[in-house]
Amino acid sequence: IRLSNATLSQIQTAATPRYDRAALKPGIVHFGIGNFHRAHQAVYLDRLFNLGRDHDFALVGAGVMAGDQRMREALAGQDYLTTVVEQSAARSEARITGGMIDFLPVGDATAIIARLTDPAIRIVSLTVTEGGYFIDSSGVFDPTHPEIRHDGKHPLAPRTVFGLIAAALSARRASDTPPFTVMCCDNIPHNGSVTRSAVVGVANLYDPDLANWIASEVAFPNAMVDRITPATGERERRLCADDFGIEDAWPVFCEDFTQWVLEDNFPSGRPALEEVGVEFVADVTPYELMKIRILNGGHAVIAYPAGLLGITYVHDAMGHPLIAGFLEKVTRDEIIPTVPPVPDTSLNEYAELIVTRCANPKIGDTVRRLCLDGSNRQPKFIVPTLADRIAAGQPITGLALESALWCRYCAGTTDAGETIAPNDPNWEKLQPVAQEAQSNPNAWLGQADIYGALGNAPILRERFAAALESLKSDGVETTLQRYIAGEL
Ligand code: NAD
33 IRLSNATLSQ IQTAATPRYD RAALKPGIVH FGIGNFHRAH QAVYLDRLFN LGRDHDFALV
93 GAGVMAGDQR MREALAGQDY LTTVVEQSAA RSEARITGGM IDFLPVGDAT AIIARLTDPA
153 IRIVSLTVTE GGYFIDSSGV FDPTHPEIRH DGKHPLAPRT VFGLIAAALS ARRASDTPPF
213 TVMCCDNIPH NGSVTRSAVV GVANLYDPDL ANWIASEVAF PNAMVDRITP ATGERERRLC
273 ADDFGIEDAW PVFCEDFTQW VLEDNFPSGR PALEEVGVEF VADVTPYELM KIRILNGGHA
333 VIAYPAGLLG ITYVHDAMGH PLIAGFLEKV TRDEIIPTVP PVPDTSLNEY AELIVTRCAN
393 PKIGDTVRRL CLDGSNRQPK FIVPTLADRI AAGQPITGLA LESALWCRYC AGTTDAGETI
453 APNDPNWEKL QPVAQEAQSN PNAWLGQADI YGALGNAPIL RERFAAALES LKSDGVETTL
513 QRYIAGEL
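Here is the structure:
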């Protein structure tokens with residue numbers, strides 16, 4: 033069955049929306065309609081709409097990248113419906129989500145700003161990846177980036193998400209329309225605050241008064257989001273058709289686990305997401321540190337040794353005793369001790385659950401996806417943990433090894449001598465430095481945009497060089513063995 037409004041009633045293999053989609057009204061514009069949004073926020077909203085609640089908070093898609101145009105066409109061709117397949121190790125369940133009702137023309141700033149200015153839009157949410165925020169290694173917004181400078185010069189024809197949001201807030205302010213709340217759902221520490229500095233930073237380039245107004249009047253709640261959602265490929269499209277009989281141009285496969293912890297700061301109103309499992313808290317920081325350091329940091333720990341050993345799937349990496357042992361030891365000895373207590377949560381149990389989640393063979397998450405974009409991820413997932421430990425005078429052998437594995441990966445050759453295809457937007461910059469680092473390790477740590485001042489820390493230099501040397505002379509497996517045995 034080809035997915036569309038017209039065929040929805042014929043679908044027996046998946047739960048379908050129990051609400052009248054034609055009666056939904058737009059309330060949220062979301063930038064970055066990738067897989068994660070459709071597995072996470074869109075599913076929470078679908079559940080809420082199924083309860084008969086808040087039908088005036090339907091989703092409108094938006095994007096600024098060329099890839100968003102492909103997604104827009106795929107979704108428009110199926111009335112913005114998405115098949116979401118939720119998979120535990122034991123079973124797979126499909127649902128069709130219907131909370132999205134439109135997708136704005138990609139790259140059409142005038143149309144996007146017009147919709148963002150509509151008073152009905154009370155939330156603008158984002159998942160534009162960790163690299164999408166124009167921040168440097170210390171999390172500070174970079175107003176000199178060419179895209180941002182462009183938006184500063186052309187406030188009514190911006191190209192970035194932040195330029196569009198600033199322009200719309202300016203128009204709302206001029207027309208006395210209350211501002212929308214900006215809700216970031218990317219994996220970035222203090223993601224709301226980071227988003228605020230980007231929007232305020234752009235506005236500041238052309239209207240400091242507007243920038244001040246945004247800083248004081250617009251809410252940017254911080255959030256912790258979690259649900260492992262791999263990219264969609266032919267495998268997923270085929271599974272969707274074979275197992276569920278649904279032809280979906282861009283289905284989403286994800287794990288059955290999901291979590292969303294959100295600061296309750298929505299002055300213009302919000303859907304009653306607490307009815308469908310969202311945890312509203314006053315301060316999301318402890319949850320976010322737990323997630324970013326243990327899960328996202330853990331993903332990085334698994335990713336690079338697996339990539340260097342030529343392993344394709346994450347669950348196979350978890351089945352490799354040395355990778356599992358590396359994850360277990362570095363999590364217990366070096367990562368968990370830097371995470372402050374989290375209300376009603378055992379950090380050890382959280383870490384154990386992650387091991388189970390990553391070992392789920394149904395997800396088909398790829399090592400390559402976890403290896404992607406280290407230049408934007410390491411400064412958020414690994415470097416802050418390293419910094420805390422170094423400041424406290426604590427050992428960092430495992431995290432330095434993780435950094436060395438990443439460096440080795442960026443040098444572009446697996447242990448078996450296979451070429452690693454570019455896997456980072458900054459690959460061309462990283463690879464020559466990674467290659468130089470094989471004989472001069474400090475070259476890698478000297479990348480100030482990634483390591484900042486930490487790259488000069490003697491203990492990091494020493495441990496990183498030792499790890500890199502071991503990888504070079506004896507390979508990944510022996511080095512992991514040494515680390516696990518406490519001999520690195
Ligand atoms: P995806 O590749 O499916 O989608 C990424 C989206 O971001 C696309 O719409 C793309 O056009 C847009 N984008 C990328 N760079 C951009 C930029 N510079 N400016 C504007 N838009 C940009 O990826 P995904 O799986 O949806 O993940 C997106 C983000 O969601 C992650 O980077 C992460 O922060 C967060 N997240 C993902 C997962 C997961 O398991 N996939 C889990 C938790 C959080």
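Its first residue numbered 33, the sequence shown is counted upward by one per residue in this note's numbering. The C-beta atom is built at its ideal place from N, Cα and C for all residues, glycine as well.
If you measure between the beta carbons of residue i and residue j, is that distance less than 8 Å?
{"i": "Leu486", "j": "Val415", "result": "yes"}
{"i": "Leu56", "j": "His87", "result": "yes"}
{"i": "Pro318", "j": "Pro373", "result": "yes"}
{"i": "Ile516", "j": "Gly351", "result": "no"}
{"i": "Ala71", "j": "Cys286", "result": "yes"}
{"i": "Leu433", "j": "Thr510", "result": "no"}
{"i": "Cys528", "j": "Val346", "result": "Since the displayed the chain opens at 33 and closes at 520, residue 528 lies outside it and no answer follows."}
{"i": "Asp456", "j": "Ser407", "result": "yes"}
{"i": "Arg259", "j": "Thr290", "result": "yes"}
{"i": "Thr264", "j": "Arg325", "result": "no"}
{"i": "Val250", "j": "Leu148", "result": "no"}
{"i": "Gln42", "j": "Asn392", "result": "no"}
{"i": "Thr159", "j": "Gly59", "result": "no"}
{"i": "Val313", "j": "Glu295", "result": "yes"}
{"i": "Gly339", "j": "Ile452", "result": "yes"}
{"i": "Leu500", "j": "Ala469", "result": "yes"}
{"i": "Tyr238", "j": "Pro175", "result": "no"}
{"i": "Gly449", "j": "Ser170", "result": "no"}
If residue i sits next to residue j, beta carbons under 8 Å apart, how far is it from one beta carbon to the other, in whole angstroms?
{"i": "Ala230", "j": "Phe173", "result": "5 Å"}
{"i": "Asp183", "j": "Gly164", "result": "Wrong, their Cβ atoms sit about 14 Å apart, outside the cutoff."}
{"i": "Leu91", "j": "Leu35", "result": "17 Å between Cβ atoms; not a contact."}
{"i": "Pro190", "j": "Ala141", "result": "6 Å"}
{"i": "Ala126", "j": "Thr115", "result": "6 Å"}
{"i": "Leu379", "j": "Thr446", "result": "Contact flag wrong, Cβ pair sits at about 33 Å."}
{"i": "Glu162", "j": "Asp405", "result": "7 Å"}
{"i": "Pro421", "j": "Glu366", "result": "Going by the sequence as given, residue 421 is Arg instead of Pro. Indeed, because the Cβ distance is near 6 Å, the residues count as touching under 8 Å."}
Got a sec, what are the start and stop residues for the beta strand (DSSP E) residue i sits in?
{"i": "Met132", "result": "132-135"}
{"i": "Val293", "result": "291-295"}
{"i": "Leu158", "result": "155-158"}
{"i": "His576", "result": "In the structure as shown, the chain starts at 33 and stops at 520, and residue 576 therefore has no counterpart that could be examined."}
{"i": "Gly93", "result": "90-94"}
{"i": "Ala255", "result": "255-258"}
{"i": "Ser124", "result": "124-129"}
{"i": "Phe285", "result": "284-287"}
{"i": "Cys216", "result": "213-216"}
{"i": "Val346", "result": "Element bounds for Val346: not the beta strand (DSSP E) but the alpha helix (DSSP H), 346-350."}
{"i": "Glu311", "result": "311-313"}
Let me check understanding here. Comparing Cα to Cα, which of the options lies closest to residue i?
{"i": "Phe68", "options": "Ala38, Thr149, Ser157", "result": "Ser157"}
{"i": "Gln513", "options": "Ala419, Glu450, Leu354", "result": "Leu354"}
{"i": "Gly99", "options": "Thr115, Arg127, Pro137, Ser124", "result": "Pro137"}
{"i": "Gly329", "options": "Ala338, Lys412, Ala423, Gly265", "result": "Lys412"}
{"i": "Gly93", "options": "Thr39, Arg85, Phe135", "result": "Phe135"}
{"i": "Gly430", "options": "Glu519, Asp405, Ile482", "result": "Glu519"}
{"i": "Asp208", "options": "Pro151, Pro58, Leu83", "result": "Pro151"}
{"i": "Trp292", "options": "Tyr441, Thr39, Glu307, Gln426", "result": "Glu307"}
{"i": "Ala146", "options": "Val96, Ala281, Ala203, Ala243", "result": "Ala203"}
{"i": "Pro262", "options": "Pro187, Val313, Thr344", "result": "Thr344"}
{"i": "Arg216", "options": "Val193, Tyr238, Arg205, Ala206", "result": "In the sequence as presented, Arg is not what sits at residue 216; that position holds Cys. Nearest of Val193, Tyr238, Arg205, Ala206 to Cys216, Cα basis: Val193."}
{"i": "Asp218", "options": "Pro49, Arg409, Leu385", "result": "Arg409"}
{"i": "Val96", "options": "Arg85, Ala143, Ser124, His177", "result": "Ala143"}
With residue i as the anchor, note down where its alpha helix (DSSP H) starts and where it stops.
{"i": "Gln470", "result": "Segment: none, Gln470 is in no alpha helix (DSSP H) and carries neither H nor E."}
{"i": "Asp183", "result": "178-185"}
{"i": "Arg79", "result": "73-82"}
{"i": "Ser229", "result": "223-238"}
{"i": "Gln101", "result": "98-108"}
{"i": "Val387", "result": "379-391"}
{"i": "Phe413", "result": "406-413"}
{"i": "Gln119", "result": "It is not in any alpha helix (DSSP H) - Gln119 instead sits in the beta strand (DSSP E) that spans 114-119."}
{"i": "Phe358", "result": "353-362"}
{"i": "Ile491", "result": "490-516"}
{"i": "Ser207", "result": "Unbroken run through Ser207: none, as it is neither H nor E."}
{"i": "Thr142", "result": "141-149"}
{"i": "Asn458", "result": "Here Asn458 belongs to no alpha helix (DSSP H), and DSSP marks it neither H nor E."}
{"i": "Glu266", "result": "266-276"}
{"i": "Asn474", "result": "474-477"}
The segment 323-342 / the segment 430-440 touching (three or more Cβ pairs under 8 Å): yes
Segment contact, 8 Å Cβ cut-off, at least three pairs: the segment 215-227 with the segment 245-255: yes
At least three beta-carbon pairs within less than 8 Å, the segment 458-478 to the segment 490-508: yes
Inter-stretch contact (C-beta, 8 Å, three-pair minimum) for the segment 199-211 and the segment 231-250: yes
The segment 121-132 in contact with the segment 71-88 per 3-pair CB rule at 8 Å: yes
contact_flag[the segment 458-473, the segment 383-402] where n(CB pairs < 8 Å) is 3 or more: no
The segment 267-278 contacting the segment 237-246, beta-carbon criterion three pairs below 8 Å: no
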